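*Asks:* If you scroll down you'll find the structure; I have some questions about it.
Protein chains in written order, with the working numbering: chain A, 1 to 244; chain B, 245 to 594.
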């Protein structure tokens, strides 16, 4: 049962009502259960931020790491214990901003890690400040006149290397999300799953959304599946690009 | 095994392998580069893991991961790189993980220079990183002792689940001396760590963390950790006294300076000055009690350091007003000679 992979006694989670992180956790648990991954053979490692809490809710050996340092910690765990399946779950701020240098170099070294990036465009836990993926001109609590810079292009970053696995998906597209996680876990190297997720309380309401449901509907309308075999995903496309 | 001639950096790297360390993560910085280079060649041969990380920050976090996974692990650097590692050291202490860190100290602050110095005493012994944590700090004075203390560092780190720093300096890193290498410890024979991330077979899942939102819970964890620190203070103080039995003046010095001061003791004795030496080997826990005892029977305890006066604060804490506690320091990577120390001693010897 996938529920065995979640510490049910720790529920309800500390995440806001309507948060998409629960979906990511459930989909991860379902995929792990289907692949026979559990507490005896897997570890979930997370960083700091709302997403960071996920390691504590999973019923497997886990590590809370430092803010931004998730990847070096996970890479060392995999090196020391190659038989363990190592899954990293962290946010866009953790992975792409403070941990950006580690992201570049972990991808270059290509260890067998599955990285799920909860990409909600803001620093949610600290109240909704702009992050590395915040679209230009977006108003946040730290960009009252609109975000000044263009966001990091995670796809381009990941594709900069000779070998890569980059998946883009959303929490609305649950089957697609599940499949991306499954493919990432099967990939024998550094696999990055960029999961567009909504943060209703600390971002969405300021953008004019009234509910998490409205944000999910927005994902439904915006994102289309990329054609099979696409080498690059368009800005509104979900899919997987990889090169072994 | 016979004696071999080894540089300090190489010797400390080999000592870690002897101690059963099979994971090392580093980043180049002078004057510790040879340690990283030695590991790059010898760690894979020993069946271990070596990564030249993208930064010192990455390296210490790789140690966090390797230690969480139950392995004996080490990183090394020199002063500016250690500043980068202090974030990770605080978390390693906060998650109760064993880890060995070698600091081949150079001149500072800032980029400073690459000459030997002792300006990182405060950083090593008084925190450096944030929060209420302690780190055992071992200060070798010779290369054979560097080997001994690296071996000890792994043992203490595992026994108390704390980070342990070996505080060397540029001279100890670069200098060569004949050494006898110890027997290799087989990592498979080391005690199992039931708290580690190994896959939860036959036990509940472990969570390695320093994060406790509930103040009561964090307080309890800190109180327990402090009790452990107290045990370390009671059991693990190490120091050496040399010619102190009849001394009227005693030099207090650690590391390379203590070795130079030994020569100054001989020179002073030849001139009829009753000079002794107290050398702390553990800088934390600091040998307050032996210094307190000495202060009751000597007139002067002169602290000599390659910094602007850091350990002298601990010496003065121990001595209070019972003896005079002057200080002599060299800055900027300058190394005091035995004659320099003798000159200072003569200002106080009657």
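Glycine is no exception: its CB is placed at the ideal position from the N, C-alpha and C atoms.
Since this is a predicted model, take the numbers as computed values, not measurements.
(1) For residue 441 of chain B and residue 451 of chain B, what's the separation of their Cα atoms in angstroms?
(2) Tell me which residue opens and which closes the beta strand (DSSP E) that residue 486 of chain B is part of.
(3) What number of angstroms, rounded off, separates the C-alpha of residue 483 of chain B from the C-alpha of residue 252 of chain B?
(4) Mind checking if residue 293 of chain B is an interface residue toward chain A, Cβ cutoff 8 Å exclusive?
(5) Which residues in chain A have a C-beta closer than 8 Å to the C-beta of residue 328 of chain B? List them in chain order.
(6) Tell me which residues share the same chain as residue 314 of chain B and place their Cβ nearer than 6 Å to its Cβ, disregarding the 5 neighbours each side in the sequence.
(7) Taking only the alpha-carbon atoms, compute the straight-line gap between residue 551 of chain B and residue 41 of chain A and give it to the nearest angstrom.
(8) Quick check on the DSSP output: what are the complete alpha helix (DSSP H) runs of length 4 or more inside the segment 480-554 of chain B, in order along the chain?
(9) With a threshold of 7 Å, establish whether the CB of residue 17 of chain A neighbours any heavy atom of the ligand MG.
(10) On the premise that residue 301 of chain B lies in contact with residue 328 of chain B, defined as a C-beta separation below 8 Å, what is that separation, rounded to the nearest angstrom?
(11) For residue 16 of chain A, which three-state DSSP category applies?
(12) So, is residue 444 of chain B buried or exposed, given that buried needs 16 or more other C-beta atoms within 10 angstroms?
(13) What number of angstroms, rounded off, separates the C-alpha of residue 27 of chain A from the C-alpha of residue 498 of chain B?
(14) Is residue 47 of chain A near residue 56 of chain A, with beta carbons less than 8 Å apart?
(15) Could you pull the start and end residues of the alpha helix (DSSP H) that residue 380 of chain B belongs to?
(16) With burial defined as no fewer than 16 other Cβ atoms inside 10 Å of the residue's Cβ, what is the status of residue 31 of chain A: buried or exposed?
(17) Quick one: grab the DSSP three-state call for residue 465 of chain B.
(18) Which of the residues in the segment 66-86 of chain A, read from start to end, lie with their CB under 7 Å from any CB of chain B?
(19) Is it the case that the Cβ atoms of residue 166 of chain A and residue 174 of chain A are separated by a distance below 8 Å?
(20) Report yes or no: is there a C-beta of chain A within less than 8 Å of the C-beta of residue 287 of chain B?
(21) Nearest-angstrom Cα distance between residue 504 of chain B and residue 318 of chain B?
(22) Can you confirm whether the segment 252-267 of chain B touches the segment 285-295 of chain B when touching is taken to mean that 3 or more C-beta pairs between the two stretches lie within less than 8 Å?
(23) Rounded to the nearest angstrom, what separates residue 339 of chain B and residue 457 of chain B at their Cα positions?
(24) Terminal residues of the continuous beta strand (DSSP E) containing residue 239 of chain A?
(25) List, in chain order, every chain A residue whose beta-carbon is nearer than 8 Å to that of residue 442 of chain B.
(26) Given that residue 41 of chain A touches chain B, what residues does it touch there, using C-beta distances under 7 Å?
(27) Any beta carbon of chain B sitting closer than 8 Å to that of residue 64 of chain A?
(28) Does residue 451 of chain B come within less than 8 Å of chain A when only Cβ atoms are used?
(29) Could you tell me whether the Cβ of residue 306 of chain B comes closer than 8 Å to any Cβ of chain A?
(30) Taking residue 49 of chain A as the query, report the chain B residues whose CB atoms sit under 8 Å from its CB, ordered along the chain.
(31) To the nearest angstrom, how far is it from the Cα of residue 349 of chain B to the Cα of residue 563 of chain B?
(32) Using a Cβ-Cβ cut-off of less than 9 Å, give me the residues of the segment 362-385 of chain B that come near chain A, in sequence order.
(33) Kindly identify the DSSP beta-bridge partner or partners of residue 98 of chain A.
(34) Quick one: which unbroken alpha helix (DSSP H) runs of 4-plus residues sit fully inside the segment 382-437 of chain B? Chain order, please.
(35) Consult DSSP for residue 221 of chain B and reduce its assignment to one of helix, strand or coil.
(36) Any C-beta of chain B sitting closer than 8 Å to the C-beta of residue 120 of chain A?
*Replies:* Taking the geometry as given:
(1) Numbered from its first residue, the second chain carries residue 441 of chain B at position 197. Numbered from its first residue, the second chain carries residue 451 of chain B at position 207. Straight-line Cα distance between these residues: approximately 8 Å.
(2) Here residue 486 of chain B refers to the residue found at position 242 of the second chain. Start and end: 483-486.
(3) In the second chain, the residue the question calls residue 483 of chain B occupies position 239. In the second chain, the residue the question calls residue 252 of chain B occupies position 8. About 21 Å.
(4) As a first step, residue 293 of chain B must be located in the second chain, where it is residue number 49. Answer yes: the Cβ-Cβ gap between residue 293 of chain B and chain A drops below 8 Å somewhere.
(5) Indexing the second chain from 1 puts residue 328 of chain B at position 84. Those do not exist, as residue 328 of chain B stays about 12 Å from chain A at its closest Cβ, beyond 8 Å.
(6) Within the second chain, the letter at position 70 stands for residue 314 of chain B. The answer, listed in chain order, is 437, 440, 442.
(7) Sequence index remark: in the second chain, residue 551 of chain B carries index 307 (1-based). Sequence index remark: in the first chain, residue 41 of chain A carries index 41 (1-based). About 50 Å.
(8) 499-514, 532-539
(9) In the structure on display, the ligand MG does not appear, and there are no ligands present to speak of.
(10) Position 84 of the second chain, counting from 1, holds the residue named residue 328 of chain B. Position 57 of the second chain, counting from 1, holds the residue named residue 301 of chain B. The beta-carbon separation of residue 328 of chain B and residue 301 of chain B, rounded to 5 Å, stays under the 8 Å limit for a contact.
(11) Against the first chain, residue 16 of chain A aligns to sequence position 16. If DSSP states are grouped into helix, strand and coil, residue 16 of chain A belongs with coil.
(12) As a working mapping, residue 444 of chain B is identified with position 200 in the second chain. Classification for residue 444 of chain B: buried.
(13) For the purposes of this step, residue 27 of chain A is taken as residue 27 along the first chain, with counting starting at 1. For the purposes of this step, residue 498 of chain B is taken as residue 254 along the second chain, with counting starting at 1. Roughly 57 Å separates the two Cα atoms.
(14) As a working note, residue 47 of chain A is residue 47 in the first chain. As a working note, residue 56 of chain A is residue 56 in the first chain. No, they are not a contact pair.
(15) As a first step, residue 380 of chain B is located in the second chain; it is residue number 136 there, counting from the start. For residue 380 of chain B, there is no enclosing alpha helix (DSSP H); the residue is part of the beta strand (DSSP E) that begins and ends at 380-382.
(16) Taking the first residue of the first chain as 1, we reach residue 31 of chain A at position 31. Flag for residue 31 of chain A reads buried.
(17) What you label residue 465 of chain B is simply residue 221 of the second chain in a count that begins at 1. Reduced to three states, the DSSP call for residue 465 of chain B is helix.
(18) 66, 69, 72, 73, 74, 75, 76, 77, 79, 80, 81, 84
(19) Counted from its first residue, the first chain places residue 166 of chain A at position 166. Counted from its first residue, the first chain places residue 174 of chain A at position 174. Taking the C-beta atoms as reference points, residue 174 of chain A is found no nearer than 8 Å to residue 166 of chain A.
(20) As a position in the second chain, residue 287 of chain B is number 43, starting the count at 1. No, residue 287 of chain B lies away from the interface with chain A (no Cβ there is under 8 Å from its Cβ).
(21) Indexing the second chain from 1 puts residue 504 of chain B at position 260. Indexing the second chain from 1 puts residue 318 of chain B at position 74. Each residue's alpha carbon lies about 29 Å from the other.
(22) yes
(23) Stepping through the second chain from its first residue, residue 339 of chain B is reached at position 95. Stepping through the second chain from its first residue, residue 457 of chain B is reached at position 213. When rounded, the distance between both Cα atoms is 14 Å.
(24) Numbered from its first residue, the first chain carries residue 239 of chain A at position 239. Residues 237-243.
(25) Taking the first residue of the second chain as 1, we reach residue 442 of chain B at position 198. 61, 81, 84, listed in chain order.
(26) Within the first chain, residue 41 of chain A is the residue found at index 41, counting from 1. By Cβ distance, chain B contributes 443.
(27) Position 64 of the first chain, counted from the first residue, corresponds to residue 64 of chain A. It does: the Cβ of residue 64 of chain A has a partner Cβ on chain B nearer than 8 Å.
(28) The residue you call residue 451 of chain B lines up with position 207 of the second chain. Yes, residue 451 of chain B lies at the interface with chain A (some Cβ there is under 8 Å from its Cβ).
(29) Here the question's residue 306 of chain B lines up with position 62 in the second chain. By this cut-off, residue 306 of chain B is an interface position.
(30) The residue you call residue 49 of chain A lines up with position 49 of the first chain. In chain order: nothing, as chain B lies at least about 12 Å away.
(31) Residue numbering aside, residue 349 of chain B sits at position 105 when the second chain is read from its first letter. Residue numbering aside, residue 563 of chain B sits at position 319 when the second chain is read from its first letter. Going from the Cα of residue 349 of chain B to the Cα of residue 563 of chain B covers about 27 Å.
(32) none
(33) Walking along the first chain from the start, residue 98 of chain A turns up at place 98. Residue 98 of chain A is not bridged to any residue.
(34) 387-404, 414-418
(35) The shown model of chain B, from 245 to 594, leaves out residue 221 of chain B, and the question about it has no answer.
(36) Walking along the first chain from the start, residue 120 of chain A turns up at place 120. Judged by the 8 Å Cβ criterion, residue 120 of chain A is not in contact with chain B.
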